[in-house]
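For the protein sequence lines, the chains are E and R, in the order given. Residues in the first sequence are numbered consecutively from 149, following my numbering. Residues in the second sequence are numbered consecutively from 149, following my numbering. Backbone N, C-alpha and C define an ideal beta-carbon position, used for all residues, glycine too. On a predicted model such as this, the values are computed, not experimentally measured, just so you know. Read through the structure below, which is laid out as structure tokens, and then see the notes.
Protein chains: 2
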Amino acid sequence: MVDTVRFRTSPWVNTLTNHRVSTLGDLEIAVLEDIWRFGPSDTKAVYARIGQSRSISLNTVQSTLERLFRKAMLQREKISHAYEYSARVSRRELIQKLVESTVRRVAGPQPDALLSAFADLAARADDDQIKRLEELIARRRAELDQT
Amino acid sequence: MVDTVRFRTSPWVNTLTNHRVSTLGDLEIAVLEDIWRFGPSDTKAVYARIGQSRSISLNTVQSTLERLFRKAMLQREKISHAYEYSARVSRRELIQKLVESTVRRVAGPQPDALLSAFADLAARADDDQIKRLEELIARRRAELDQT
DNA sequence: ACAAAAAACCGACCGTCAATCGGTTTATTG
DNA sequence: CAATAAACCGATTGACGGTCGGTTTTTTGT
Chain E
149 MVDTVRFRTS PWVNTLTNHR VSTLGDLEIA VLEDIWRFGP SDTKAVYARI
199 GQSRSISLNT VQSTLERLFR KAMLQREKIS HAYEYSARVS RRELIQKLVE
249 STVRRVAGPQ PDALLSAFAD LAARADDDQI KRLEELIARR RAELDQT
Chain R
149 MVDTVRFRTS PWVNTLTNHR VSTLGDLEIA VLEDIWRFGP SDTKAVYARI
199 GQSRSISLNT VQSTLERLFR KAMLQREKIS HAYEYSARVS RRELIQKLVE
249 STVRRVAGPQ PDALLSAFAD LAARADDDQI KRLEELIARR RAELDQT
């Protein structure tokens, strides 16, 4: 019964860059969030902070960390006995990547889709927001120059 | 065997706004794309334009249109015998929604996550891009005022 | 050195969702 | 009213996140 080969492009692979940009599940985001907040941690620590309350098992946290590692959102290092996971992307970088791939996915013919998307945003912003935006941009600029 | 009830928050529901923001599949995007490009169309027309080449069946296109309709990305109207589907969101609106929900999903404590993401982008932009960005914003502003 | 404890690893299962289509029902229309 | 066309229904597949239980490997205390 090999008459029709079904093929579906995985939404994972960005064919341009061959760079994976994934969708993240709720738990995955929570875990990332936790590591951003508390810094490098091992499974136990993350479990203690977010697993306990959700009444999920240590194993679940474990495999989520693992998945995040495979997705290159986390890196890990064996500290004495256990892996210590740490963020490989900052929240801002994550948002950046996610937004960029989202936009690129629905981007039309226009080359400036990203810019365009944000132009919409900026156009809607009120004076107050504009002001904060300018400050933010200035700060980011400073950060960049400093590197 | 009702000892453990597993529960998983659907990534569909934005609890803040109770507004559904979905992920779109590749075919779904292609179909939307097609309708943006060619305007209101019935299943046959869409199939002729994008189904033929992909060697998928008319039914597949049909259910994709249906799904898009359920997701409120398309509206439809019975024209004589067949449904005619038309876009309910423009490409820009779609990008807007998608970006916004993406950001909100990973947004930290900061209230200005969206702005912040924008700031990152702007900070990275070169002079040329900034110029185009300003033009874009001006144009969008004009469009808004005109309403 | 070895047994107990801890952590990693493996593999399975469930639910959801997009993609895909065959077959049946329900219009349309000549 | 019969033939044709479109809509509708429901089933299957593959991917993926979430969830664990059990087994293997590694660490460590005595």
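Contact check for Val247 of chain R and Val237 of chain E: beta-carbon distance about 18 Å, past the 8 Å limit, so the pair fails to qualify. For the C-beta of Gly256 of chain R, the chain E residues within less than 7 Å are, from N- to C-terminus, Arg239. DSSP places Arg224 of chain R in the strand class (E or B) of the three-state scheme.
With contacts defined as CB atoms closer than 9 Å, Gln244 of chain E and Leu269 of chain R qualify as a contacting pair. In this structure, Ile177 of chain E sits away from Arg239 of chain R, with a CB-CB distance that is not shorter than 9 Å. The beta carbon of Ala265 of chain E sits closer than 9 Å to some beta carbon of chain R. Identification of chain R residues near Leu292 of chain E by a Cβ-Cβ cut-off of 7 Å yields Ala271, ordered along the chain. One finds nothing in chain E with a Cβ atom closer than 9 Å to the Cβ of Val179 of chain R; even the nearest lies about 12 Å away. Leu284 of chain R and Glu232 of chain R have their C-alpha atoms spaced approximately 33 Å apart. Inter-residue distance for Gln277 of chain R and Gly199 of chain E is about 44 Å (C-alpha atoms, whole angstroms).
By DSSP's assignment, Glu232 of chain E forms a beta bridge with E:Glu225. Counting the other Cβ atoms within 10 Å of the Cβ of Ala290 of chain E gives fewer than 16, which makes it exposed. Residues of the same chain with a CB within less than 7 Å of the CB of Leu216 of chain R, apart from the 5 flanking positions on each side, are Glu176, Val179, Leu180, Leu222 in chain order. Assignment of Ser189 of chain R by DSSP, reduced to helix, strand and coil, places it in the strand class.
The beta carbon of Gln258 of chain E sits closer than 7 Å to those of Ser264, all from its chain and outside the five residues before and after it, given in chain order. Closer than 9 Å to the CB of Leu242 of chain R there is at least one CB belonging to chain E. Within chain E, the residues whose beta carbon sits less than 7 Å from that of Asp268 of chain R are Arg240, Gln244, Arg288, listed in sequence order.
Distance from the CA atom of Arg202 of chain R to the CA atom of Lys192 of chain R, rounded to whole angstroms, is 14 Å.
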